[in-house]
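So the structure is just underneath, and the comments pick up after that.
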Amino acid sequence: MNELHPDLSRIVVSTDQIQSRVKELADQISADFVGGERLYIIGILKGAFIFLADLTRHLKVPHTVDFMALSSYGKTTTSGAVRILMDLREPIEGQHVIIVEDIVDTGHTLHYLNRVLKGRKPASLRSCVLVRKQRDNLSVPIDYLGFDIPDVWVVGYGLDFADQYRTLPYIAELKRE
Ligand code: IMP
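Okay, here's the thing in structure tokens:
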């Protein structure tokens, strides 16, 4: 059962919904890459660490896990500028890469990552995103999407507010005050 934290107004995606959808996404990825070469899975820190841990444990195809960290939301300018704080350990040239992101809001981060990683000449580049906020002007393509959610601030399952609430097992809307 989901016990709601007092700072939160409502559950947006429940623990059960997350768990079954993450398994479905992993099955879809496994089916798409069956018999293929090793996948290179890139988790975007910090938010994607829980999603990535659950997703990769359901994968049935060989894969390597690596991480990148980008400048935090608060430091992202309105122009959408993003900065790499921590880069990959290996070159991805010729590799089949999947970016794993917790959330797409404006789409600036994923757009930036697609551009930067494409420049490193992977064999293929796809994205797997747990939740996408519904916005009118969003145009970044997502290959594997968990859920569309309303445009509210959400926390839990890796998502934070001021580095809090990341380890809640569900995704919930934060109270405004
Ligand atoms: P973007 O606007 O799509 O570039 O998203 C930038 C980053 O903002 C995401 O990777 C998250 O780390 C963060 N973010 C956006 N919306 C939320 C939210 O509702 N909760 C927690 N983090 C968020």
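Our numbering puts the first residue of the sequence shown at 19, with every later residue one more than the last.
Yeah, the Cβ is synthetic: ideal placement off N, Cα and C, and Gly gets one too.
The structure presented is a predicted model; accordingly, all values stated were derived computationally and were not measured.
The beta carbon of Asp34 sits closer than 6 Å to no other beta carbon from its chain once the five residues preceding and following it are set aside. Between the region 54-70 and the region 112-127 there are three or more inter-stretch CB-CB distances shorter than 8 Å, so the stretches are counted as touching.
Secondary structure at Phe51: coil, using DSSP grouped into helix, strand and coil.
In this structure, DSSP gives Val134 a helical state, which the three-state scheme calls helix.
Collapsing the DSSP output to three states places Asp120 in a strand. Residue side-chain check: Asp161 keeps its Cβ at 7 Å or more from all non-hydrogen atoms of the ligand IMP.
Distances from the alpha-carbon of Thr127 to those of Glu111, Val115 and Val147 put Val147 closest.
Annotation for Arg75: the continuous alpha helix (DSSP H) segment containing it runs Phe67 to His76. Note: Tyr162 is bridge-paired with Cys146 in the DSSP secondary-structure output.
Between the alpha carbons of Ala49 and Tyr183 lies a distance of about 33 Å. In the structure shown, Lys41 adopts helical secondary structure according to DSSP, grouped into three states. When the alpha-carbon of Gly54 is set against those of Tyr162, Asp181 and Ser142, the nearest one is in Ser142. Ser32 places its beta carbon less than 8 Å from that of Tyr188.
Annotation for Gly164 indicates a beta carbon at 7 Å or more from all heavy atoms of the ligand IMP. Distances between the C-beta of Gly61 and the heavy atoms of the ligand IMP are all 7 Å or more. Remark: C-beta atoms of Leu77 and Ala190 do not approach each other more closely than 8 Å. Between Ile160 and Ser145, the beta carbon gap of about 5 Å places them in contact (Cβ cut-off 8 Å). In this structure, Ile121 has its beta carbon less than 7 Å from a heavy atom of the ligand IMP.
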